[in-house]
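> Once you know that position 195 of the sequence shown is 197 in our numbering, the rest is easy, because the numbers rise by one and skip nothing.
Even for Gly, the Cβ is constructed at its ideal location relative to N, Cα and C.
Everything numeric in this text was worked out from a predicted model, so none of it was measured.
Handing you a structure now.
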Amino acid sequence: MSVMKARQSFREKFWVTALAMLVLLALVLFWFSTPHGLALVNDSVLYIDGARNLLQGNGYSRLVGWGGTVPITNFPPFYSFVLALIMALGIAPIQASWWVSLVFLAVNVVLVSLLGREVTQSAAFGVLAGGLVLISDPFFRHHLFALTEPVFLFCYFLSLLLLVSFLRQRHWYQVLLAGVFTGLAYLTRYIGITLFATGFLFLLVFLRERKVWLKSVGIFLAGSFPFFLVWTVRNLVMAGNPTNRQFMLRMLAADKIQEGITSFWGWLLPEPYQLISRFIDFWGIALAIFLILFTGGFIYAVWLALHKVELRDRKSFQAGWLLGLQSLIYLITLAVTILFIDSSVNFETRVLMPAYVLWLLLFVALLAWFWRRRRWATTVLALVLVVGLSLSFVEDTLDTVRQWRQQGQGFAHESWTTSQTIELVKQLPKVNIFTNRPQAVNLLAQRGAYILLSPVNAATQLPREGYQEEQVRIRQMVMEGKAVVVIFGFRDLIQDVENSWMLELTAGLPVLFEYDRDIVFGDSSLIQS
Numbered sequence: 003m004s005v006m007k008a009r010q011s012f013r014e015k016f017w018v019t020a021l022a023m024l025v026l027l028a029l030v031l032f033w034f035s036t037p038h039g040l041a042l043v044n045d046s047v048l049y050i051d052g053a054r055n056l057l058q059g060n061g062y063s064r065l066v067g068w069g070g071t072v073p074i075t076n077f078p079p080f081y082s083f084v085l086a087l088i089m090a091l092g093i094a095p096i097q098a099s100w101w102v103s104l105v106f107l108a109v110n111v112v113l114v115s116l117l118g119r120e121v122t123q124s125a126a127f128g129v130l131a132g133g134l135v136l137i138s139d140p141f142f143r144h145h146l147f148a149l150t151e152p153v154f155l156f157c158y159f160l161s162l163l164l165l166v167s168f169l170r171q172r173h174w175y176q177v178l179l180a181g182v183f184t185g186l187a188y189l190t191r192y193i194g195i196t197l198f199a200t201g202f203l204f205l206l207v208f209l210r211e212r213k214v215w216l217k218s219v220g221i222f223l224a225g226s227f228p229f230f231l232v233w234t235v236r237n238l239v240m241a242g243n244p245t246n247r248q249f250m251l252r253m254l255a256a257d258k259i260q261e262g263i264t265s266f267w268g269w270l271l272p273e274p275y276q277l278i279s280r281f282i283d284f285w286g287i288a289l290a291i292f293l294i295l296f297t298g299g300f301i302y303a304v305w306l307a308l309h310k311v312e313l314r315d316r317k318s319f320q321a322g323w324l325l326g327l328q329s330l331i332y333l334i335t336l337a338v339t340i341l342f343i344d345s346s347v348n349f350e351t352r353v354l355m356p357a358y359v360l361w362l363l364l365f366v367a368l369l370a371w372f373w374r375r376r377r378w379a380t381t382v383l384a385l386v387l388v389v390g391l392s393l394s395f396v397e398d399t400l401d402t403v404r405q406w407r408q409q410g411q412g413f414a415h416e417s418w419t420t421s422q423t424i425e426l427v428k429q430l431p432k433v434n435i436f437t438n439r440p441q442a443v444n445l446l447a448q449r450g451a452y453i454l455l456s457p458v459n460a461a462t463q464l465p466r467e468g469y470q471e472e473q474v475r476i477r478q479m480v481m482e483g484k485a486v487v488v489i490f491g492f493r494d495l496i497q498d499v500e501n502s503w504m505l506e507l508t509a510g511l512p513v514l515f516e517y518d519r520d521i522v523f524g525d526s527s528l529i530q531s
């Protein structure tokens with residue numbers, strides 16, 4: 003007995019020490035990569051603006067025009083709430099986003115390792131899972147943006163972990179908290195709604211007694227549904243639409259499919275050899291085969307869960323089943339979103355990354371199975387796969403570290419922080435500002451602005467209603483000295499036919515200021531010499 007206790011004590015000490023070292027590595031990598039701060043993109047500004055207005059008592063809203071605010075309905079609010087909590091301590095908005103990403107990166111590495119331990123029932127393979135995910139470029143890189151990923155992944159992983167823990171320990175508060183974090187995941191990114199279906203089906207399959215299942219599902223929904231209900235009602239009241247999207251059937255464009263193929267294999271394979279772009283058709287077929295095999299394997303796992311009681315009770319099987327289920331529901335929901343709700347969504351790496359993490363955890367579970375067979379062939383295969391995948395991941399991640407360390411990304415780049423166009427905008431009197439980059443004006447000049455809309459709605463791919471009338475109104479306001487049109491990168495944009503509408507809008511308008519490739523159209527009297 004003492005030998006068994008000693009082994010158990012060693013395993014726990016190894017687990018805690020290895021996990022602490024992994025977290026330390028994550029923190030050091032993050033700190034080293036962000037001397038210029040996080041990457042700031044359009045959506046970053048909206049979330050930061052939402053946090054600012056929450057603190058100022060304006061509700062979850064954004065700046066428009068020369069000082070007004072309108073409610074935000076197309077982006078869920080929880081990330082902004084988290085930012086607002088940090089900003090309430092007196093920390094500047096951009097710095098607050100840095101701290102949020104730092105803290106949640108460390109926590110997410112721990113949660114991934116815990117999920118890895120559940121799916122492999124091994125502390126060593128749990129740490130391996132956490133390490134592979136950390137050095138996986140999509141996971142690490144998307145913690146370097148001032149975006150929702152760090153908070154979303156925290157809610158996402160914790161909800162799955164609590165569902166697995168509940169099945170083993172049966173504490174009611176575990177399934178309640180799983181529901182709460184499912185609701186918070188939805189309030190961070192709409193794709194979090196997939197966790198509702200996952201939790202429901204997981205409890206349905208693995209809870210044998212009907213009364214226990216009904217009670218558990220009821221508690222799960224009691225924790226999750228209020229978040230969904232409150233946000234939906236709020237949007238219906240504010241905008242008359244639960245998600246600010248329009249339902250209609252759309253085609254799945256070939257370029258979106260190709261983007262998904264490139265994203266998946268770009269995650270797994272090293273970039274320098276252009277293996278993907280040179281053989282895109284081959285990789286498309288290979289991905290289709292993988293998805294078919296994975297779906298078929300999961301259908302078989304469903305059959306096993308329903309017919310093999312001894313297997314259904316295994317902790318690793320339960321965890322693996324849950325991760326497989328969630329990854330499939332996630333992909334199906336994403337495809338349905340593109341087809342019926344929002345065609346501006348793409349199969350890009352940022353969107354697919356949560357599914358990649360789940361697949362990587364299942365891959366580690368396969369490695370653990372190879373290792374436990376204790377045959378030289380499977381042991382060597384497991385080692386080769388780990389080393390090969392690690393080298394591929396490290397190569398991509400080191401590129402990201404170098405890129406972020408060399409210069410700021412997005413609006414944190416020097417071209418934005420030293421922009422003379424932004425300096426001019428700061429000096430403008432209270433006039434309406436129409437621009438192709440309202441987020442830059444908001445963040446760097448701290449001025450509200452209206453976006454210049456193209457003739458085609460990106461979400462529906464249909465002509466925008468009232469477009470011509472809006473263009474006439476903008477031109478009239480500029481000529482009367484009541485507005486300016488600020489187009490960043492104008493000289494480059496007009497080279498593309500699809501941006502010809504910018505030429506039509508600005509034809510004959512007075513030029514107030516020109517800097518590099520930017521142009522400000524407006525009455526010269528707006529700037530006093």
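Helix, strand or coil for Leu91 per DSSP?
Of the three classes helix, strand and coil, the one that applies to Leu91 here is coil, per DSSP.
> Between Ser218 and the rest of its own chain, which residues show a CB-CB distance below 7 Å, the 5 nearest in sequence each way excluded?
Residues Val177, Leu205 and Leu209 of the same chain have their beta carbon placed closer than 7 Å to that of Ser218, with the five preceding and five following residues left out of the count.
> According to the Cβ coordinates, are Pro79 and Gly52 closer than 8 Å?
Their beta carbons are under 8 Å apart, which means Pro79 touches Gly52 by this criterion.
> Below 8 Å on the Cβ atoms is my contact criterion, and I expect Phe34 with Val403 to pass it. Report the Cβ-Cβ distance as a whole number of Å.
7 Å
> If we ignore side chains and look at the alpha-carbon of each, how far apart do Ile435 and Gly450 end up?
7 Å
> Would you decide whether Met504 is buried or exposed? Buried here means 16 or more other CB atoms lie within 10 Å of its CB.
buried
> What residue range does the alpha helix (DSSP H) around Thr399 cover?
Trp378 to Gln408
> What's the C-alpha gap between Met3 and Ala367?
Per-residue confidence for Met3 stands at a pLDDT of 48, beneath the threshold of 50, marking its modelled position as unreliable; no derived number is given.
> Identify the continuous alpha helix (DSSP H) that holds Ile496 and give its terminal residues.
Taken as a continuous stretch (DSSP letters only), Ile496 belongs to no alpha helix (DSSP H), as it is neither H nor E.
> Excluding the 5 residues preceding and the 5 following Glu516 in the sequence, name in chain order all residues of the same chain whose CB lies nearer than 8 Å to its CB.
Val522
> As a quick exercise: from Glu472, Gly326, Ala90 and Leu31, pick the residue whose alpha carbon is nearest that of Gly59.
Ala90
> Rounding to the nearest angstrom, what Cα-Cα distance links Arg407 and Ala148 in this structure?
In a straight line, the C-alpha of Arg407 is about 16 Å away from that of Ala148.
> Would you kindly work out how many angstroms separate the C-alpha atoms of Gly491 and Phe230, rounded to a whole number?
40 Å
> Closer than 6 Å by C-beta to Gln441: which residues in its own chain qualify, once you throw out the five before and the five after it? Chain order, please.
Closer than 6 Å at the Cβ level, and outside the excluded window around Gln441, lie Asn44 and Val47.
> In this structure, does DSSP put Pro272 in helix, strand or coil?
coil
> In its own chain, which residues sit with a C-beta less than 8 Å from the C-beta of Leu57, not counting the 5 before and 5 after it?
So the qualifying residues of the chain are Ala86, Met89 and Ala90.
> Could you tell me the distance, in whole angstroms, from the CA atom of Arg352 to the CA atom of Gln328?
17 Å
> I'd like to know if the region 148-162 and the region 110-121 are in contact, where contact means that at least 3 CB-CB pairs between them fall below 8 Å.
Contact between the region 148-162 and the region 110-121 is present, because at least three Cβ pairs lie under 8 Å.
> Kindly give me the distance between the Cβ atoms of Pro228 and Gly185, rounded to whole angstroms, as I take these residues to be in contact under 8 Å.
7 Å
> Rounded to whole angstroms, what's the CA-CA distance from Ile331 to Gly524? Just pull it up for me.
So the two alpha carbons sit approximately 51 Å from each other.
> Would the beta-carbon of Lys484 fall within 8 Å of that of Val433?
yes
> Using C-beta distances below 6 Å, list every residue in its chain close to Phe183, excluding the 5 sequence neighbours before and after it, in chain order.
Cys157, Leu160 and Ser161
> For Glu416, collect the residues of the same chain with a Cβ closer than 8 Å to its Cβ; drop the 5 residues on either side in sequence, then sort them by chain order.
Gln409 and Gly410
> Ile294 lies in the alpha helix (DSSP H); which residues open and close that run?
Counted as a single uninterrupted DSSP element, the alpha helix (DSSP H) harbouring Ile294 occupies residues Ile282 to His309.
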